[in-house]
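Asks: First, the structure itself, so that you have it in front of you.
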DNA sequence: CTTTCGTAGATCCTATAGGATGTACCCATG
DNA sequence: CATGGGTACATCCTATAGGATCTACGAAAG
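Protein chains in written order, with our numbering: chain A, 1 to 218; chain B, 1 to 218.
Following this line, the structure appears as structure tokens:
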């Protein structure tokens, strides 16, 4: 018999969750200074667990630290960095799709197909876009999980944090309907066709890349 | 004119460097408990910067944290985790070699060739092995750097931390001479031949994999 | 008007102390 | 002898305070 893992947590972990979502959900914008004492007051804790949370976030690239001068939210990606990120996505996520096609469990395959079938209903642009990105991120994580490689999934998750940051800042860069692309990926995985899965993911990412590039017209 | 970046650091950063090398150089073995107060006494600092350093190390997978029960050095990789790591190495480092072949600067190419030409001189087994792994790690980092992708290099560096941990624990798993393999990689990059670089790296990693597998005869 | 210097304030970094939790040992009991 | 419970100790977690550093604003000199 297996019992559910019990989840004890410290203040440091809670502060980390709060700050991480605050950065990802854009409550604090890139470049903003993070005043440790102020954060501690707002969260009604002492500075110590705040420092601990910031140290973790720095190691993940969400914030930057300048010794003796404080933390700031990581700046937005430059055009070069953004292109580099998509090169990495192509490398990692296409491999994930390929591996998922051969190693995914039946449950994972059907979950992927179900997620790809879902569509986002109306509402104003802002909430619609938020729901859409959440769905997209969920689907990509399903593929990463189905790859059967914990390390690969972790690497992809790391990349997506930065992608999410960028998306929130340019909310209308990606408005085209990508359901078809998602369904092709899911179908390829369902059919256990590695080459097709790789190619479908490549197509999807390349299109996403092009849609995002408009944000860099400088 | 460009001035050298000035390197101010806090105690937390220094503690991090110290603890990281202590784990990597195997001063503290996998599974060992890390007593925060004791570490603070040994390093002659207060527990606060120690906690900060451990938080960073946990995010990198070097230590594990159990809330309200302390930190421990991450356990050695299981056979599955080890295989997963080499799958990732094949994916990442072959791509790095491929990109390096097309995008490396002339300086990077010659540095790579020079590193591949170096050999490790005698001494007792232990120091020889240490020098050898250092040379191998340096060469792989040169390839990662020459890829021109900061994200790719960072991912590879992350993997190598765990690899290094494993190597130190089974110091005699890799004794074959790999200079030939290194030189083939360097030559392919020098000749700007992506396919050859990919293949040479694949061969090198596959052989390394087989050499390491003997550690798992259980 | 521009630049330099100096001071005041805010902020970061570190150390110390106390409350909360986990761990280990010993004793009692079946 | 094995098992369960209770207590003492060690350790972790958090809060608070003080010293060191950085930043920003204003005044003085060129």
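Just so you know, even glycine gets a beta-carbon here, dropped at the ideal spot from N, CA and C.
Just so you know, these numbers come straight off a predicted model, no measurement behind them.
Between which two residues does the alpha helix (DSSP H) harbouring residue 157 of chain A extend?
Replies: Mapped onto the first chain, residue 157 of chain A falls at position 157. It spans 150 to 169 - the alpha helix (DSSP H) in which residue 157 of chain A sits, taken as one unbroken run.
Asks: In the DSSP assignment, the beta strand (DSSP E) including residue 73 of chain A goes from what residue to what residue?
Replies: Along the first chain, one-based indexing puts residue 73 of chain A at 73. That run of the beta strand (DSSP E) goes 70 to 73.
Asks: Helix, strand or coil, according to DSSP, for residue 64 of chain B in the structure here?
Replies: Translated into the one-based positions of the second chain, residue 64 of chain B becomes position 64. Note: residue 64 of chain B maps to strand in three-state DSSP.
Asks: Heavy atom of the ligand MN less than 6 angstroms from the Cβ of residue 14 of chain B, yes or no?
Replies: In terms of ligand content, the structure shown is empty, and the ligand MN therefore cannot be addressed.
Asks: Could you tell me whether the Cβ atoms of residue 100 of chain A and residue 189 of chain A are closer together than 7 angstroms?
Replies: Within the first chain, the letter at position 100 stands for residue 100 of chain A. Within the first chain, the letter at position 189 stands for residue 189 of chain A. Cβ atoms of residue 100 of chain A and residue 189 of chain A: closer than 7 angstroms.
Asks: Using a Cβ-Cβ cut-off of 7 angstroms, state whether residue 21 of chain A counts as contacting chain B.
Replies: The count along the first chain starts at 1 and reaches residue 21 of chain A at position 21. No, residue 21 of chain A lies away from the interface with chain B (no Cβ there is under 7 angstroms from its Cβ).
Asks: Would you check if the region 103 to 119 of chain B and the region 138 to 152 of chain B touch, i.e. whether three or more CB-CB distances between them fall below 8 angstroms?
Replies: Taking 8 angstroms as the limit for Cβ pairs, the verdict is that the region 103 to 119 of chain B does touch the region 138 to 152 of chain B.
Asks: Can you confirm whether residue 199 of chain B, when its beta carbon is compared against all beta carbons of chain A, has any partner nearer than 7 angstroms?
Replies: In the second chain, residue 199 of chain B corresponds to position 199, counting from 1. Residue 199 of chain B does not count as touching chain A.
Asks: Would you kindly work out how many angstroms separate the C-alpha atoms of residue 109 of chain A and residue 203 of chain B, rounded to a whole number?
Replies: Counting from 1 along the first chain, the entry for residue 109 of chain A is found at position 109. Counting from 1 along the second chain, the entry for residue 203 of chain B is found at position 203. Computed Cα separation, rounded: 33 angstroms.
Asks: Buried or exposed for residue 75 of chain B, going by 16 or more other Cβ atoms inside 10 Å?
Replies: Counted from its first residue, the second chain places residue 75 of chain B at position 75. Looking at its Cβ environment, which holds fewer than 16 other Cβ atoms inside 10 Å, residue 75 of chain B is exposed.
Asks: Within 10 angstroms of the Cβ of residue 82 of chain A, are there 16 or more other Cβ atoms? Answer buried if so, exposed if not.
Replies: Position 82 of the first chain, counting from 1, holds the residue named residue 82 of chain A. Buried is the call here.
Asks: Using a cut-off of 8 angstroms between C-beta atoms, extract the partners of residue 75 of chain A located in chain B.
Replies: Walking along the first chain from the start, residue 75 of chain A turns up at place 75. The premise fails here: residue 75 of chain A is roughly 14 angstroms from chain B at the closest Cβ pair, so nothing lies under 8 angstroms.
Asks: Within 10 angstroms of its Cβ, does residue 52 of chain B collect 16 or more other Cβ (buried), or is it exposed?
Replies: By 1-based counting over the second chain, the position of residue 52 of chain B is 52. Result: buried.
Asks: Mind checking whether residue 9 of chain A and residue 67 of chain B have CB atoms under 7 angstroms apart?
Replies: Stepping through the first chain from its first residue, residue 9 of chain A is reached at position 9. Stepping through the second chain from its first residue, residue 67 of chain B is reached at position 67. For residue 9 of chain A and residue 67 of chain B, yes; Cβs fall inside 7 angstroms.
Asks: Pull out every residue of the region 57 to 69 of chain B whose Cβ sits closer than 8 angstroms to any Cβ of chain A, in chain order.
Replies: Within the region 57 to 69 of chain B, the qualifying residues are 58, 59, 60, 67, 68.
Asks: DSSP has residue 139 of chain B in a bridge; who is on the other side?
Replies: Taking the second chain and counting its residues from 1, one reaches residue 139 of chain B at position 139. Paired residue(s): none; residue 139 of chain B is not in a bridge.
Asks: Which of the residues in the region 5 to 16 of chain B, read from start to end, lie with their CB under 8 angstroms from any CB of chain A?
Replies: Hits within the stretch, in order: 8, 9, 10, 12, 13.
Asks: I'd like to confirm the pairing. Which residues does DSSP put opposite residue 34 of chain A in its beta bridges?
Replies: For the purposes of this step, residue 34 of chain A is taken as residue 34 along the first chain, with counting starting at 1. DSSP output for residue 34 of chain A lists A:71 as bridge partner(s).
Asks: At a Cβ cut of 7 angstroms, what residues of the region 151 to 169 of chain A count as close to chain B, listed as they run along the chain?
Replies: Result list: 151, 152, 155.
Asks: Taking all protein chains shown into account, decide if residue 198 of chain A is buried (16 or more other Cβ within 10 angstroms of its Cβ) or exposed.
Replies: In the first chain, residue 198 of chain A corresponds to position 198, counting from 1. The residue in question, residue 198 of chain A, is buried, as its Cβ has 16 or more Cβ neighbours within 10 Å.
Asks: Given this structure, state the Cα-to-Cα distance separating residue 63 of chain A from residue 121 of chain B, to the nearest angstrom.
Replies: Position 63 of the first chain, counting from 1, holds the residue named residue 63 of chain A. Position 121 of the second chain, counting from 1, holds the residue named residue 121 of chain B. For residue 63 of chain A and residue 121 of chain B, the distance between alpha carbons rounds to 44 angstroms.
Asks: With a threshold of 7 angstroms between beta carbons, is residue 141 of chain B in contact with chain A?
Replies: Residue numbering aside, residue 141 of chain B sits at position 141 when the second chain is read from its first letter. No, residue 141 of chain B lies away from the interface with chain A (no Cβ there is under 7 angstroms from its Cβ).
Asks: Does the Cβ of residue 127 of chain B have 16 or more other Cβ atoms within 10 Å, making it buried, or fewer, making it exposed?
Replies: If you number the second chain from 1, residue 127 of chain B lands on position 127. With fewer than 16 other Cβ atoms within 10 Å, it is exposed.
Asks: Can you name the residues of chain B whose CB is closer than 8 angstroms to the CB of residue 149 of chain A?
Replies: Locating residue 149 of chain A in the first chain gives position 149, counting from the first residue. Going along chain B in sequence order, the residues near residue 149 of chain A (Cβ under 8 angstroms) are 84, 87, 88.
Asks: If I follow the unbroken alpha helix (DSSP H) through residue 102 of chain B, where does it start and stop?
Replies: Counting from 1 along the second chain, the entry for residue 102 of chain B is found at position 102. From DSSP, the alpha helix (DSSP H) with residue 102 of chain B extends over 79 to 103.
Asks: Taking 7 angstroms as the threshold (beta carbon to beta carbon), is residue 51 of chain B in contact with chain A?
Replies: One-based indexing of the second chain puts residue 51 of chain B at position 51. Answer yes: the Cβ-Cβ gap between residue 51 of chain B and chain A drops below 7 angstroms somewhere.
Asks: Would a check of beta-carbon distances place residue 55 of chain B closer than 7 angstroms to chain A?
Replies: Start at 1 with the first residue of the second chain, and residue 55 of chain B comes out as number 55. Closer than 7 angstroms to some Cβ of chain A, the Cβ of residue 55 of chain B qualifies, so yes.
Asks: Decide if residue 5 of chain A is buried, meaning its Cβ has at least 16 other Cβ atoms within 10 Å, or exposed.
Replies: In the first chain, residue 5 of chain A corresponds to position 5, counting from 1. With fewer than 16 Cβ atoms within 10 Å of its Cβ, residue 5 of chain A is classed as exposed.
Asks: Our contact map puts residue 56 of chain B next to residue 55 of chain A with C-beta atoms below 8 angstroms; I'd like the distance itself, whole angstroms only.
Replies: Stepping through the second chain from its first residue, residue 56 of chain B is reached at position 56. Stepping through the first chain from its first residue, residue 55 of chain A is reached at position 55. Right, the Cβ-Cβ distance comes to about 5 angstroms (below 8 angstroms), so this counts as a contact.
Asks: Of all the CB atoms in chain A, is at least one closer than 7 angstroms to the CB of residue 91 of chain B?
Replies: Position 91 of the second chain, counted from the first residue, corresponds to residue 91 of chain B. It does: the Cβ of residue 91 of chain B has a partner Cβ on chain A nearer than 7 angstroms.
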